[in-house]
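Step one of this worksheet: look at the structure below.
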Amino acid sequence: DDPDGAPAAEAAPAPAIAQYLVPDFMAARAGQLIMGERKLDNVIVGATRQQDQWQANIDARQVSGHVMWSEPRAGAGKLTARLATLIIPESAEAEVKELLEGENAAQTIPALDIMAERFELFNRPLGRLELLAYNPVGAIPAGGREWRIARLALTNPDGELRGTGKWQLKDGQSNTSLNFTLDILDAGRLLDRFGFVDTLRKGKGKLSGDIAWRGLPYSLDIPSLSGQIQMSVESGQFLKQDPGAARLLGVLSLQALPRLLKLDFHDVFSEGLAFDGISASAAIHRGVLKTENLKMHGVAATVLMDGSADIANETTDLHVVVIPEFNLGTGPLVYALAVNPVVGIGSFLAQLFLRAPVMKALTYRMRVTGPWKAPVITKLDNAKLAPAPAAATN
1261 DDPDGAPAAE AAPAPAIAQY LVPDFMAARA GQLIMGERKL DNVIVGATRQ
1311 QDQWQANIDA RQVSGHVMWS EPRAGAGKLT ARLATLIIPE SAEAEVKELL
1361 EGENAAQTIP ALDIMAERFE LFNRPLGRLE LLAYNPVGAI PAGGREWRIA
1411 RLALTNPDGE LRGTGKWQLK DGQSNTSLNF TLDILDAGRL LDRFGFVDTL
1461 RKGKGKLSGD IAWRGLPYSL DIPSLSGQIQ MSVESGQFLK QDPGAARLLG
1511 VLSLQALPRL LKLDFHDVFS EGLAFDGISA SAAIHRGVLK TENLKMHGVA
1561 ATVLMDGSAD IANETTDLHV VVIPEFNLGT GPLVYALAVN PVVGIGSFLA
1611 QLFLRAPVMK ALTYRMRVTG PWKAPVITKL DNAKLAPAPA AATN
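Residues in the sequence shown are numbered from 1261 upward in steps of one, following our numbering.
Shown next as structure tokens:
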């Protein structure tokens, strides 16, 4: 204290000694290494630091390659990685969710520029990954977060996914949107990668859409899923095996129809329904998919569908038409109508029956309702169909 009784001024706090101990070089080898609450196994790592930037070469079971971290001057910093391997195990799902949505989650997400030649997410081998994403400054109100995906690409021998999107967290609610195109090289093997084994054989085409859901980017929430999708696939075959989790494809493959309707479709369905092409566009609202123009055409039969499928509750309400091929010379007409994207089922049948009346007795119509596991199939009467107007023949 001052001799005159005045209190002494508080001394300025000493600078933290840690700021003088930041290393410029680090090397480690360990059976297990924990970095930022993330566990790596069988690790060899060497890292150097220059000013605000760290660079590291790392070789571990979960990740191997070159990584660069730029400290944030504004925003949340940037992570750049060129990797041979990136594996995010299923056991890490809770950690990822806590990182993004938990009480102690960072207020901003770093920019990412990642390329990984072998990417595996939750035990799914997805192929080559390219991810370019950033956290825009000032894009949303305080207390919220937004992470924009400028480029997403997943490439493997069975297909290539390309997309852009964003993830938002506002008022405790997480939302994801994605605009995507999936070029399909082998639909059957691509479904195998996602756990739907022995559902489809081959198939090549495209699936595209603009969709959104509540939740994180890696976790598709079916009850909130909404948007639009378009599909076109050629040269494939539904397999006879029970499709397991892909029960909707089991409905589409029509394997139950001959048994339930006691119809003679043996030649059409004996080895699973083969198709030359499938096309459809659909709207999705809160997990319910609706289509007016799903069409499958092949050598053995043409199949048309419209109606809805509740993906979340695994129920369906579909109007289905099966036109077997009987070598009556009507194949070209059926094919021409089937590949026309603007012709709905009602118009299709009206024009077909007007041009080839014999097909009215050879065409099967039915309604498929109820759960995917045990659909209820009701045969419909073609005699009640309204005749086509004369203009429909043009």
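Beta carbons: idealized from backbone N, C-alpha and C, even for Gly.
Assuming residue 1490 is part of the alpha helix (DSSP H), what are its boundary residues?
Counting along the chain, residue 1490 falls outside any alpha helix (DSSP H), though it belongs to the beta strand (DSSP E) covering 1486-1498.
Problem - Close Cβ partners of residue 1543 (< 7 Å) along its chain, the five nearest in sequence each way excluded - result: 1488, 1550
In three-state DSSP terms, what is residue 1611?
helix
**Prompt:** If we call anything under 9 Å between Cβ atoms a contact, is residue 1424 one with residue 1439?
**Reply:** yes
### Query
Curious, which full-length beta strand (DSSP E) runs of at least 3 residues does the region 1400-1465 contain?
1405-1416, 1419-1430, 1433-1444
Taking the straight line between their C-alpha atoms, what separation do you get for residue 1520 and residue 1472?
For residue 1520, the predicted model reports a pLDDT of 42, less than 50, meaning its position is unreliable; a value from the coordinates is still stated below. Cα to Cα, residue 1520 sits roughly 37 Å from residue 1472.
Open item on the list: Helix, strand or coil for residue 1383? Go by DSSP, reduced to three states.
Closed with: coil
Cα-Cα, which of 1498, 1592, 1372 is closest to residue 1538? Among 1498, 1592, 1372, the Cα nearest to that of residue 1538 is on 1498.
query: At a cut of 8 Å, does the region 1456-1470 reach the region 1380-1389 through at least three beta carbon pairs?
result: no
Buried or exposed, going by whether 16 or more other CB atoms sit within 10 Å of the CB of residue 1447?
buried
- Item | Of the listed residues 1337, 1381, 1379, nearest to residue 1370 (C-alpha basis) | Checked all of 1337, 1381, 1379; the closest Cα to residue 1370 is 1337.
inquiry  = Tell me which residue opens and which closes the beta strand (DSSP E) that residue 1620 is part of.
reply    = Run containing residue 1620: none in the beta strand (DSSP E); it sits in the alpha helix (DSSP H), 1619-1622.
From residue 1295 to residue 1324, what distance separates their C-alpha atoms? 15 Å
Worksheet entry | Expected contact under 8 Å - CB spacing of residue 1445 and residue 1418 to nearest Å | 5 Å
**First and last residue of the uninterrupted beta strand (DSSP E) at residue 1552** = Residues 1548-1557.
Using CA coordinates, which residue listed in 1561, 1577, 1579, 1592 is at the minimum distance from residue 1622? Taking each of 1561, 1577, 1579, 1592 in turn and checking the Cα distance to residue 1622, the smallest one comes out for 1561.
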